[in-house]
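Quick note on numbering: the sequence shown equals residues -24 to -1, 1 to 264 in mature numbering (1 follows the signal peptide of the UniProt record, and there is no 0). Every residue gets a Cβ at the ideal spot worked out from N, C-alpha and C, and that includes glycine. Here the structure is a predicted model, which means the values were calculated and not measured. What follows is a single structure, written as structure tokens, with notes after it.
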Amino acid sequence: MSISKTVFIFLVAHLIGHSLVAQSTVAVSSGGTAGFGNNVKAGKYATIRGFRMYYEVYGTGKPLLLIHGNGGSINNFSNQIPYFAKNYKVIAVDSRAQGESVDTSDSLTYEMMADDFNALLNQLHLDSCYVIGWSDGGINGLLLAMRHPEKVKKLAITGANLWPDTTAIEPGLFQWIVSRNDSLGKVTQTLSVKAEKKLLNLMAFNPHISTTALKKVNCPTLVIGGDHDVILPKHTLAIAEALPNAYLWILPNSGHSTLVRYKDLFNQIVGEFFKTPFRKIDGMAKLE
């Protein structure tokens, strides 16, 4: 696959004010619905931390927060929302400066977005939730668990990275991100250019999470990646090894889109992870 096509998939497909009123939820039919990310019945805006965050709520039950990747939107979870809405109150969010969550400020960091999610949960009067994060959403999920540990019951992340270099990201893609980001700095800074550059800056220069810092993540975590992911499998392994309470799941014959390519199996395994008590596997139990 060419670098340009890889980048398109990475950045687009999966990546890519008033106070809140009482929340209602929208049921999802077993056949799903076309319109996730643009559903007037399910959609709400929360005015938090200087911008209006767009989110949609489906189903009833324990709260489950879905966080998409760079340049993505709620629609990226079209394969997950119908499944999890059967048993959870699914809160699907457009991250700051993405989707319908417009933010024209110059700065954007993963830490900022993690605090956004915490603020949304506070406005929804939710003391904790389950979390699924894809790509940048996985980074945000880790930071939410680090910065606001009481908010995350269990965390499932796929295609996340801890730092921005070729030891974590496929070299050709990373070099393209840096080059594209540099090129955008040399052209007229229109609103669209600024918006794209803000997202590229995230991937070119962030995050900066040490494996030592992951010791702060006490919630059970399922760390997922494809065996041909743009996030190198050895980096995904390093994340799982550093977390105190983690399982690792590497999917064969898969790139970055594990929850698309393996949508049914992904939903089943993550669902089982959420409802089954986490167990430490030590000593002779490792023979099982």
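{"Item": "Helix, strand or coil for Gly259? Go by DSSP, reduced to three states.", "Value": "helix"}
{"Item": "Rounded to whole angstroms, what's the CA-CA distance from Lys262 to Asn194? Just pull it up for me.", "Value": "21 Å"}
{"Item": "Under a three-way DSSP split, which group does Asp141 fall into?", "Value": "coil"}
{"Item": "Would you grab the beta carbon distance between Lys62 and Leu40 for me? Rounded to a whole angstrom, and I think it's under 8 Å.", "Value": "Incorrect: roughly 11 Å between the Cβ atoms, too far for contact."}
{"Item": "If you drop the 5 nearest sequence neighbours on each side, which residues of the same chain put their C-beta closer than 6 Å to that of Ile215?", "Value": "Val199"}
{"Item": "Note down, in chain order, each residue of its chain lying with its Cβ closer than 6 Å to the Cβ of His124, except the 5 sequence neighbours on either side.", "Value": "Asn94"}
{"Item": "To the nearest whole angstrom, what separates the beta carbons of Ala18 and Met29, a pair I think is in contact under 8 Å?", "Value": "Between Met29 and Ala18 the Cβ distance is about 14 Å, and since that is not below 8 Å, they are no contact."}
{"Item": "Are Asn51 and Gly13 closer than 7 Å when you measure CB to CB?", "Value": "yes"}
{"Item": "With H, G and I counted as helix, E and B as strand and the rest as coil, what does DSSP make of Leu96?", "Value": "helix"}
{"Item": "Between Pro140 and Asn182, how many whole angstroms is the CB-CB distance? I'm expecting something under 8 Å.", "Value": "6 Å"}
{"Item": "Name the residue from Ala73, Ile133, Phe60 whose alpha carbon lies nearest to the alpha carbon of Lys251.", "Value": "Phe60"}
{"Item": "Measuring straight from C-alpha to C-alpha, what distance separates Ala171 and Leu138?", "Value": "23 Å"}
{"Item": "Spatial neighbours of Leu42 within its chain, please: C-beta separation below 6 Å, excluding the five flanking residues on both sides.", "Value": "Phe53, Ala68, Ile108"}
{"Item": "So for Pro58, helix, strand or coil by DSSP?", "Value": "helix"}
{"Item": "In terms of residues, what are the limits of the alpha helix (DSSP H) holding Ala174?", "Value": "Residue identity differs from the one stated: residue 174 is Lys in this sequence, not Ala. Looking at the DSSP string, the run of the alpha helix (DSSP H) that includes Lys174 is 167 to 181."}
{"Item": "Just the Cα atoms here: how many angstroms apart are Leu235 and Leu178?", "Value": "22 Å"}
{"Item": "Between residue 287 and Leu190, how many whole angstroms is the CB-CB distance? I'm expecting something under 8 Å.", "Value": "Past the boundaries of the shown model lies residue 287; the chain is included only from -24 to 264, so the question cannot be answered."}
{"Item": "Once the 5 residues before and after Leu119 are set aside, which same chain residues still bring their CB inside 7 Å of it?", "Value": "Tyr86, Glu87, Ala90"}
{"Item": "Would you report the Cα separation of Asp203 and Gly231, rounded to the nearest angstrom?", "Value": "7 Å"}
{"Item": "Could you tell me whether the Cβ atoms of Gly201 and Gly114 are closer together than 7 Å?", "Value": "no"}
{"Item": "Quick check on this structure: which residue in Phe249, His44, Arg255 has the alpha carbon closest to the alpha carbon of His131?", "Value": "His is not the amino acid found at residue 131; the sequence shown has Leu there. Cα-wise, what sits closest to Leu131 is Phe249."}
{"Item": "With a CB to CB cut of under 8 Å and the five nearest residues on each side skipped, what residues in its chain are close to Val206?", "Value": "Thr(-19), Phe(-15), Gly135, Ile145, Glu146, Leu149, Gly231, His232"}
{"Item": "Mind checking His44: buried by the 16 CB within 10 Å criterion, or exposed?", "Value": "buried"}
{"Item": "Mind checking Arg255: buried by the 16 CB within 10 Å criterion, or exposed?", "Value": "exposed"}
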